[in-house]
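Just so you know, our numbering puts 249 at position 263 of the sequence shown, and the rest follows in order with no gaps. All residues carry an ideal CB built from backbone N, CA and C; glycine is no exception.
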Amino acid sequence: MPPKQAAAKSNVSAEELLGHYREMLLIRRFEEKAGQLYGMGLIGGFCHLYIGQEAVVVGLEAAAGEGDKRVTSYRDHGHMLACGMDPKGIMAELTGREGGFSKGKGGSMHMFSKEKHFYGGHGIVGAQVPLGAGLAFADKYKGNDRVTFAYFGDGAANQGQVYETYNMAQLWDLPVIFVIENNGYAMGTSVVRSTKSPSLWERGAAYGIKGEEVDGMNVLAVKEAGERAVAHCRSGKGPYILEVKTYRYRGHSMSDPAKYRTRDEVQKMRDERDPIEQVRDMLLTGKHATDDDLKAIDKEIKAVVNEAAEFSKESPEPHLDELWTDIYATEIPQEA
Ligand SMILES: Cc1ncc(C[n+]2csc(CCOP(=O)(O)OP(=O)(O)O)c2C)c(N)n1
Ligand SMILES: [Mg+2]
């Protein structure tokens, strides 16, 4: 069944649809603004935008409960916004300012929030997967029923440490959901050029881990699958794999030769599968909202994002003394 029809058939309230619409739009507008600030030279270093993949985190956050944890890669702005971190603190971290989540010293790929149970932001491909299992181990050890979402990409799915983690997570029945965000590409390498496995989630079978493939452009399908995964983990049955089929519209990072796919491919995805447009269609055809209602939401979201951008420009740069705080070594060995 095409995604639009599948979503339209789901039994979902107007309130829930509007919530998903608002949250996905916040991520899209935030990322567009981050792209602009980058172009203006206000953001330096690495910056990986999440545009196109919004339904993944919004759907899964809708399935998560209080105290559940999340850890992800460098493509992390959407995850932070979806778990409720303040857009001002995220944008100010992108611009390297004191008001950022890592006081301006971490940048796009390295932010954390203990309050929201967000454990980063990791630049080493695949490194967050064993860390995610470690977070789940801590919860199991403490005897609570919390679940950890460990997000990684199709490229990361070919890393050896992922399979060492699968083995231990299943062996110890760890409450971790392995979320493979399969956006079709690892930098410029298409997934069909990097593996002959027709599906990545099925690799879990070698370890006895259950899982499924999910339409990642359909927020309702993601939420439903997320609820199954959460129920499985929370009831003590061990890990679960979700391979979420999604798509990134922008380049891998801010510099991307874009030679590995056609413009038509991207445009077709935007025209036919866009996750925000799908919810917009549902809201309008179900008469849950009017065009004017949706315009008003867009205006509100733009105001939130503009406020974050203003804050990220006004917040001061970190003081030089901060060079010596929050680091492992405070003494630099002197040359002989
Ligand atoms: C261990 C390691 N190898 C290589 C890189 C360089 N690198 C950064 S992102 C990336 C592609 C990863 O693709 P994927 O896992 O599909 O995630 P996506 O960028 O699509 O979200 C590579 C190879 C790295 N950061 N770390
Ligand atoms: Mg990828």
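With at least 16 other beta carbons inside 10 angstroms of its own, Gln114 counts as buried. Closest in C-alpha terms to His238, from the list Ala122, Tyr60, Gly82, comes Tyr60. Of the residues Tyr235, Ile163, Asp260, the one whose Cα lies closest to the Cα of Glu229 is Ile163.
Gln264 is classed as buried because its beta carbon has at least 16 other beta carbons within 10 Å across all chains shown.
In the same chain as Leu160, and ignoring 5 residues on each side of it, the C-beta atoms closer than 7 Å to its own belong to Ala119, Ala122, Phe123, Lys126, Gly224, Pro225, in chain order.
Among the bridge pairs identified by DSSP, Glu167 is matched with Gly139, Val230.
DSSP places Gly197 in the uninterrupted beta strand (DSSP E) bounded by 196 to 201. Separation of the CB atoms of Gly82 and Glu303 is rounded to 7 Å, and the pair is thereby assigned contact status at 8 Å. Boundaries of the beta strand (DSSP E) harbouring Arg56: 55 to 57, taken from the DSSP string. For Val43, DSSP assigns no beta-bridge partner whatsoever.
The C-beta separation of Val111 from Gly141 comes to about 6 Å, placing the pair in contact by the 8 Å criterion. Counting the other CB atoms within 10 Å of its CB gives Lys231 a total of 16 or more, which places it among the buried residues.
The C-beta separation of Ile37 from Leu80 comes to about 15 Å, leaving the pair out of contact by the 8 Å criterion.
When secondary structure is reduced to three states using DSSP, Phe32 falls in the coil class, being assigned neither helix nor strand.
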